[in-house]
Amino acid sequence: NNYLCASMSAYASDYGSQAYWDERYSASDGSSFDWYQNYKTLKPHLEPFLKIDQEYEILIPGCGNSSLGADLYDDGYINVTNIDVSEVVINQMNDKYADREEMEYTVMDARNLEYLPDSCFNLIIDKGMFDSQLCSEENIPNVTAIMKEMFRVLKPGGIYLCVSHGLPTTRLSYLNPKGSNWAVEYKKAPKPPVESGQEVSGASDHHFIYVCKKGIGKA
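The following block contains the structure:
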């Protein structure tokens, strides 16, 4: 995973730190930024699982300043809960999208979703949060805790959709550990053009979308 983390940023080891994200968002100009895929490019991969229904609930962990939640809301999927460890960005997003009344932005750690009940979400969309924790100092305990919490808060048959730059050989053992009750499939998604025109040397031209379906029973 050293290469994969290095390909994200020279500061990838800080990606698991709340202080790093608070500082980063404090210095931002308030514009949106989407890791890996934006809603337009991700939508075809989400549509098989999306449903416009008053009981249909979506969770976006590590939401950052992505417009994904607002984009989903504007398409009719209004029960969206966005969480992030950074209080700075949550305050920014609450102000920015105050007009979308049914959508929530809450300070919460994906490793410990203590305020969320069991089996309450139909779909969880993770764009880069899992990768960032895999690059943190306590990476194995962190991603293990994340997967347990994702499983707990999903309804039976619910989907945890994880967008990653990591190859299956570097991700499946964490996403679907031995003895777990996930059914995991994956597919490739072409990378959108990088705005700066720069790309890491030797990097793949695809992202990987891991579709993790919750079984019935224990994680």
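Taking our numbering, the leading residue of the sequence shown gets 89, the next gets one more, and so forth. Ideal Cβ positions, reconstructed from N, Cα and C, are used throughout, including at glycine.
Asked: Per DSSP, what kind of secondary structure is residue 200 in: helix, strand or coil?; Found: strand
Asked: So, using beta-carbon positions, are residue 214 and residue 149 closer together than 7 Å?; Found: yes
Asked: What are the uninterrupted segments assigned as alpha helix (DSSP H) that are 4 or more residues long and contained completely in the region 208-274, given in chain order?; Found: 217-222, 227-241, 256-263
Asked: Within 10 angstroms of its Cβ, does residue 220 collect 16 or more other Cβ (buried), or is it exposed?; Found: buried
Asked: Is the beta carbon of residue 190 closer than 7 Å to that of residue 166?; Found: yes
Asked: Going by DSSP, name the residue or residues bridged to residue 170.; Found: 148, 193
Asked: Excluding the five sequence neighbours on either side, which residues of its own chain have a C-beta within less than 6 Å of the C-beta of residue 192, listed in chain order?; Found: 169
Asked: Mapping DSSP to helix, strand and coil, what is residue 298?; Found: strand
Asked: What number of angstroms, rounded off, separates the C-alpha of residue 294 from the C-alpha of residue 202?; Found: 34 Å
Asked: By the DSSP assignment, the alpha helix (DSSP H) with residue 180 in it spans what residues?; Found: 175-184
Asked: Let me confirm a value: residue 271 is counted as buried when at least 16 other C-beta atoms fall within 10 Å, else exposed. Which label applies?; Found: exposed
Asked: Using the Cβ count rule (16 or more neighbours within 10 Å means buried), how would you classify residue 115?; Found: exposed
Asked: How close, in whole Å, do the beta carbons of residue 152 and residue 177 come, if the pair is a contact with beta carbons under 8 Å?; Found: 6 Å
Asked: Where do the ends of the alpha helix (DSSP H) carrying residue 157 lie?; Found: 156-162
Asked: Once the 5 residues before and after residue 338 are set aside, which same chain residues still bring their CB inside 6 Å of it?; Found: The first residue shown for the chain is 89 and the last is 307, placing residue 338 beyond what the model contains.
Asked: Per DSSP, what kind of secondary structure is residue 131 in: helix, strand or coil?; Found: helix
Asked: For residue 279, which beta-bridge partners are listed by DSSP?; Found: DSSP output for residue 279 lists no bridge partner at all.
Asked: Closest by CA to residue 216, which one among 268, 252, 227, 263?; Found: 252
Asked: Using the C-alpha atoms, what's the distance from residue 137 back to residue 156?; Found: 15 Å
Asked: Is residue 211 a contact residue of the ligand COA, with contact defined as CB to any heavy atom under 6 Å?; Found: Looking for the ligand COA in the displayed structure turns up nothing, as the structure carries no ligands at all.
Asked: Give the single residue among 154, 147, 143, 141 whose Cα lies nearest to the Cα of residue 118.; Found: 154
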